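Chemist: The structure's right below; bear with me while I get my questions together.
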Amino acid sequence: MNDEKTYCPICHSSDIQPSHPETNPAYCYCRACKTAFQLSIADTSESPPAVSYNEEYFRPWEAGPHGLELTRTSKSLSFDSWLNEFEQFQRPGKLLDIGCAMGFFLDRAKIRGLNGFGVEISSYASQIAQRNHGTQVLCGTLAQSSFPKEFFQAITLLDVLEHLPDPVQTIKTLSALLCNGGHIMISTPNLLSLSSNLLGTRWFQRKPEHTMLFSPRSLQYLLKKCGLKLLLLRPALKWVTLEFLESYFQEYAPAPVKDLSTTFFRMIPSRLRTAPLRLGTGEMLAIARKQ
869 MNDEKTYCPI
879 CHSSDIQPSH
889 PETNPAYCYC
899 RACKTAFQLS
909 IADTSESPPA
919 VSYNEEYFRP
929 WEAGPHGLEL
939 TRTSKSLSFD
949 SWLNEFEQFQ
959 RPGKLLDIGC
969 AMGFFLDRAK
979 IRGLNGFGVE
989 ISSYASQIAQ
999 RNHGTQVLCG
1009 TLAQSSFPKE
1019 FFQAITLLDV
1029 LEHLPDPVQT
1039 IKTLSALLCN
1049 GGHIMISTPN
1059 LLSLSSNLLG
1069 TRWFQRKPEH
1079 TMLFSPRSLQ
1089 YLLKKCGLKL
1099 LLLRPALKWV
1109 TLEFLESYFQ
1119 EYAPAPVKDL
1129 STTFFRMIPS
1139 RLRTAPLRLG
1149 TGEMLAIARK
1159 Q
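Start counting the sequence shown at 869; every next residue gets the next number (my numbering).
Spelled out as structure tokens, the structure:
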């Protein structure tokens, strides 16, 4: 990082704690709003880390003897529970899912009669989503889209916010696409979660593609800054299977945790490995309304 003062990209505070030098990727920590952000974001002389969201990136989704269908089932259970909660605030007509991946959330929205659109940067994942949703899924970035202002009643970013190099500008852009009184739903890792506190710099959410990690305070600050009123903020419980968790740990966990998880999962009977479990995974779910 250069000698110029570093400012938080969310609240612009200069009260920044440098990252531990041994961590990779390296994060700075804003003491004011409790946001962690990668040095590549803080230092404009560097570019954000390049992550290829290709077929290899989605390999954990397709691992195990049951492959992608088991992942689809688990994610669908989570998305159904979140949609149930979302619809307590508003039943949207037109919905935009940012970072829609393979379209599993759009699939659940479609079953409910919602008119879903998606934006996905991965050509591999978007091709799968387009099988069910056609041209309503754009392969590209939000900046490449041409949606009119106030076009959507609802917008979702599920496990996406932490990937964005400029979340403030993205949320402002999305707010302009929401009609007055429209709602936005976000799931993202919670920097102050139990798993984060226990694992510290070994937390599995600290990885190159996660350019920014939010706390409840910084997420609320971001939403308010972009003209959105927070209505709900709670742990984002997810339905997962042990088979999926095993593939996830093998891909992302540090070596000691990976070795322990391998031993643990080998002890589980096969019939239990595909049973969905509802767990807290160190993430938070937020719903906000455009004022």
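Where a beta carbon is used, it is the ideal one built from N, C-alpha and C, also for glycine.
Since this is a predicted model, take the numbers as computed values, not measurements.
Does DSSP put R1074 in a helix, in a strand, or in coil?
Modeler: Three-state result, R1074: coil.
Chemist: For the stretch 1066–1075 against the stretch 1040–1048, are there 3 or more C-beta pairs whose distance is under 8 angstroms?
Modeler: No, the stretch 1066–1075 does not touch the stretch 1040–1048.
Chemist: Determine the closest residue to G935 out of L963, E1151, L1110, S1129, with distance taken between C-alpha atoms.
Modeler: Comparing Cα-Cα distances from G935 to each of L963, E1151, L1110, S1129, the minimum goes to L1110.
Chemist: Can you tell me where the beta strand (DSSP E) with F985 in it begins and where it stops?
Modeler: Looking at the DSSP string, the run of the beta strand (DSSP E) that includes F985 is 983–988.
Chemist: Identify, in the order they occur along the chain, each residue of the same chain with its Cβ nearer than 6 angstroms to the Cβ of L1006, setting aside the five sequence neighbours on each side.
Modeler: V987, S1013, listed in sequence order.
Chemist: Quick check: L1100 and R1146, are their CB atoms within less than 7 angstroms of each other?
Modeler: For L1100 and R1146, no; Cβs fall outside 7 angstroms.
Chemist: By Cβ distance, which residues of its chain are closer than 7 angstroms to L1010, with the 5 residues on each side in sequence left out?
Modeler: Excluding positions up to five away in sequence, the list reads I966, V987, T1038, T1041.
Chemist: Assign I1054 to one of two classes, buried (16 or more other C-beta atoms within 10 Å of its C-beta) or exposed (fewer than that).
Modeler: I1054 is buried by the Cβ-count criterion.
Chemist: P960 and A1022: beta carbons closer than 7 angstroms?
Modeler: A contact, by the Cβ cut-off of 7 angstroms.
Chemist: In three-state terms, what does DSSP make of G961?
Modeler: If DSSP states are grouped into helix, strand and coil, G961 belongs with coil.
Chemist: Which ranges would you report for the beta strand (DSSP E) in the stretch 990–1076 if only whole runs of at least 3 residues count?
Modeler: Correct list: 1005–1007, 1020–1026, 1046–1057.
Chemist: Can you tell me whether T1109 is helix, strand or coil according to DSSP?
Modeler: Note: T1109 maps to coil in three-state DSSP.
Chemist: Return the Cβ separation of V1125 and F1117 in integer angstroms, given the expectation that the two are a contact with Cβ distance under 8 angstroms.
Modeler: Correct: roughly 7 angstroms between the Cβ atoms.
Chemist: Assuming M1144 contacts L945 under a Cβ cut-off of 8 angstroms, what Cβ separation, rounded to an integer in Å, is found between them?
Modeler: Checking the displayed sequence, the identity of residue 1144 turns out to be Pro instead of Met. Their Cβ separation, rounded to whole angstroms, is 6 angstroms, which keeps P1144 and L945 in contact under 8 angstroms.
Chemist: When DSSP labels each residue in this structure, what does A862 get in the three-state scheme?
Modeler: With the chain represented from 869 up to 1159, any question about residue 862 goes unanswered, as that position is not in the structure.
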